[in-house]
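A.B. asks:
Number of protein chains: 2
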Amino acid sequence: MNEDQELKKGSTPILILSVLSNGSNHGYAIAREIQRLSADALKVGEGALYPTLRILERDGLVESTWEIQPSGPSRRIYTLTEAGHAKLAASRRSWQRFSSAVNAVLGTNSENGSGGVIHVQSA
Amino acid sequence: MNEDQELKKGSTPILILSVLSNGSNHGYAIAREIQRLSADALKVGEGALYPTLRILERDGLVESTWEIQPSGPSRRIYTLTEAGHAKLAASRRSWQRFSSAVNAVLGTNSENGSGGVIHVQSA
DNA sequence: AATTATACATCGCAATCTCATGTATGTCAA
DNA sequence: TTGACATACATGAGATTGCGATGTATAATT
């Protein structure tokens, strides 16, 4: 399965990697961060979160260590590896390509609501 | 399952509905049109195309009629129903919300390649 | 005669998500 | 002190979806 098709079925990995690129974090906090940054539009449930983190670790994109808390349950802290950084960069390009393509298909008729044009401009 | 989560797992329905909003068409041509409009970035395989069209028809979003060709195999022509138009409009909003949310999560660190800013501007 | 393109359709496999459930700790209010 | 809620990890069942392969059939091309 190619990268673009994989993105269609599961934006979870790229979202997790992206959050981790802001600094190491533990699973539960990653999920909350995705929800916060997306203004509640995206929710990564626990049944998707933990299996995905395991796959990312199996594939060498993240590493984890247990951290015992002075209070509350222990946390497994995930850190992005070098391979994870590279994967994130590639996934970003795939997402851009995919979302542009969808917009291209959606933008070819008179029912696109705003009728607006999207300009991408360098900072 | 809510609409946003459904989009994550399958942009195929909205792509088909969008192509059909440009006029009635048959399955095989719809798939080619999606591929053409997306500059080969998106491909809807036959194993996804025909089952999805059946579901759309079952749900009353499209209607179909057989059309015998003077040459070549018969075609099943699909037409967007009123419910299909409404669904398309709703799906567009969901796609906008979903892609904006992903961009929001991706846009929060220094690894976003372009470093660019996306401005959406009305026509 | 063989290949390619059109055009529909179905099946099995694999991947993924959601929902539910389970374990365990700590806090806060009734 | 008991119940509710939040934190934090983990797994399993069931459903959905996509993809590749396969099959049927027609027609044009080489």
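In order, the protein sequences belong to chains A and B. Everything in the first sequence is counted per the numbering used here, starting at 8 for the first residue and increasing by one. Everything in the second sequence is counted per the numbering used here, starting at 8 for the first residue and increasing by one. Just so you know, even glycine gets a beta-carbon here, dropped at the ideal spot from N, CA and C.
Within 8 angstroms, do at least three Cβ pairs link the region 19-32 of chain A to the region 89-108 of chain A?
C.D. replies: yes
A.B. asks: Hey, does B/Arg104 have any beta-carbon neighbour from chain A nearer than 7 angstroms?
C.D. replies: yes
A.B. asks: When you compare the CB positions of A/Ala108 and B/Ala48, do they come within less than 7 angstroms of one another, or not?
C.D. replies: yes
A.B. asks: Spell out whether any CB of chain B is found under 7 angstroms from the CB atom of A/Leu22.
C.D. replies: yes
A.B. asks: Rounded to the nearest angstrom, what separates A/Ile23 and A/Gly54 at their Cα positions?
C.D. replies: 14 angstroms
A.B. asks: Could you have a look at B/Leu49 and say whether DSSP puts it in helix, strand or coil?
C.D. replies: coil
A.B. asks: To test your reading of the DSSP string, which unbroken beta strand (DSSP E) runs of 3 or more residues are found completely within the region 23-70 of chain B?
C.D. replies: none
A.B. asks: At the 7 angstroms Cβ level, is B/Ala48 part of the contact set with chain A, yes or no?
C.D. replies: yes
A.B. asks: Can you confirm whether A/Ser18, when its beta carbon is compared against all beta carbons of chain B, has any partner nearer than 7 angstroms?
C.D. replies: yes
A.B. asks: With 7 angstroms as the threshold, decide whether the Cβ of A/Ala90 is near any Cβ in chain B.
C.D. replies: no
A.B. asks: Might you give, ordered along the chain, the residues of its own chain that have their beta carbon closer than 7 angstroms to the beta carbon of B/Ser81, omitting 5 neighbours on each side?
C.D. replies: Trp73, Glu74, Ile75
A.B. asks: Tell me, please, which residues DSSP counts as bridged to B/Arg83.
C.D. replies: B/Trp73
A.B. asks: Are the C-beta atoms of A/Leu68 and some chain B residue less than 7 angstroms apart?
C.D. replies: no
A.B. asks: Give a yes or no on whether the minimum CB-CB distance between A/Ser81 and chain B is below 7 angstroms.
C.D. replies: no
A.B. asks: Just tell me which of A/Ser98, A/Arg104, A/Ile84, A/Ala111 has its CA closest to the CA of A/Ala36.
C.D. replies: A/Ile84
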